[in-house]
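Read through the structure below, which is laid out as C-alpha cells, and then see the notes.
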Amino acid sequence: MFVSHHTLKWTRTCRSHGRHPHAHTAHFLLNRHSGLRDWRTGSRVLAGGDRHVYDNHVDQFLEQLGREPYPYPTIEIRKADSLFDYQYEDFKVVGYQHRPIIKTPVAV
441 MFVSHHTLKW TRTCRSHGRH PHAHTAHFLL NRHSGLRDWR TGSRVLAGGD
491 RHVYDNHVDQ FLEQLGREPY PYPTIEIRKA DSLFDYQYED FKVVGYQHRP
541 IIKTPVAV
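Take 441 as the starting number for the sequence shown in the numbering used here and just add one per residue.
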C-alpha cells in the first residue's frame with residue numbers, strides 16, 4: 441500500500457487573523473499514526489482558498505504580523521502500540537512560549 445509522506449490540508453474559506461487548531465490537530469494525528477506504522481512522514485502544507493481580513497480586524501492583524509516569532513517548541517511523546525493507547529500524560533510540550541492575547545471584536 442502506498443501512502444504519501446506529504447500532506448496537504450485545504451481550507452475553503454477562513455479569516456486570516458484567526459487560528460485553526462483543528463487543522464493542526466488533524467495533521468498531528470495523521471503524522472502520529474504514520475509513525476506508529478513506521479511509515480515515512482514528510483512535509484505538511486496548510487492552504488486556503490478565500491483568505492480574508494475583516495475591516496475591524498486590520499489593526500490586530502498587523503500587530504500579529506509585526507510580532508517576532510519565538511523558537512518552535514518541541515513535543516515529547518511516549519511510543520505506544522496503538523493510537524488509542526495514548527493518555528494525556530504521554531505528551532509533553534517543551535519550550536512553548538506565547539505573547540499576550542490580541543483581542544479582536546466580532547465581525548458582523
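The C-beta atom is built at its ideal place from N, Cα and C for all residues, glycine as well.
Bear in mind the structure is a predicted one, so any value in this text is a computation, not a measurement.
Roughly how many whole angstroms lie between the Cα atoms of Q537 and Y510?
Here residue 537 is taken as the residue at index 97 of the sequence shown, counted from 1. Here residue 510 is taken as the residue at index 70 of the sequence shown, counted from 1. Q537 and Y510: Cα-Cα distance of roughly 7 angstroms.
Does DSSP put D521 in a helix, in a strand, or in coil?
As a working note, residue 521 is residue 81 in the sequence shown. Correct three-state label for D521: coil.
Is R452 closer than 8 angstroms to D490 when the C-beta atoms are compared?
Here residue 490 corresponds to residue number 50 of the sequence shown, with the count starting at 1. Here residue 452 corresponds to residue number 12 of the sequence shown, with the count starting at 1. Result yes, Cβ atoms of D490 and R452 sit closer than 8 angstroms.
Since I believe H446 is in contact with G482 (beta carbons under 8 angstroms), could you give me their beta-carbon distance rounded to a whole number of angstroms?
Walking along the sequence shown from the start, residue 482 turns up at place 42. Walking along the sequence shown from the start, residue 446 turns up at place 6. Their Cβ separation, rounded to whole angstroms, is 5 angstroms, which keeps G482 and H446 in contact under 8 angstroms.
With distance defined between alpha-carbon atoms, name the residue in L486, D530, V548 nearest to H521.
For this step, residue 521 is matched to residue 81 along the sequence shown. Checking the sequence, you will find Asp at residue 521 rather than His. If we check each option's Cα against that of D521, D530 comes out closest.
Where does V548 land, buried or exposed, given buried means 16+ other C-beta within 10 angstroms?
Reading the sequence shown from its first residue, position 108 is the one you call residue 548. Flag for V548 reads exposed.
Looking at C-alpha atoms only, which residue of Q527, T544, K519, T514 is the closest neighbour of V533?
Here the question's residue 533 lines up with position 93 in the sequence shown. Out of Q527, T544, K519, T514, T514 has the C-alpha closest to the C-alpha of V533.
Specify the secondary structure class of H446 as computed by DSSP and reduced to three states.
Position 6 of the sequence shown holds residue 446. H446 falls in the coil class under three-state DSSP.
Suppose contacts are defined by Cβ-Cβ distances below 8 angstroms. Is Q500 in contact with I542 by that definition?
Mapped onto the sequence shown, residue 500 falls at position 60. Mapped onto the sequence shown, residue 542 falls at position 102. In contact: Q500 and I542 (Cβ atoms closer than 8 angstroms).
Check whether the Cβ atoms of R507 and R484 sit closer than 8 angstroms, and answer yes or no.
In the sequence shown, the residue the question calls residue 507 occupies position 67. In the sequence shown, the residue the question calls residue 484 occupies position 44. The answer is no: Cβ separation not under 8 angstroms.
Taking DSSP as the reference, what is the three-state secondary structure of P489?
Locating residue 489 in the sequence shown gives position 49, where the first residue counts as 1. Residue 489 is actually Gly in this sequence, not Pro. It is a strand residue.
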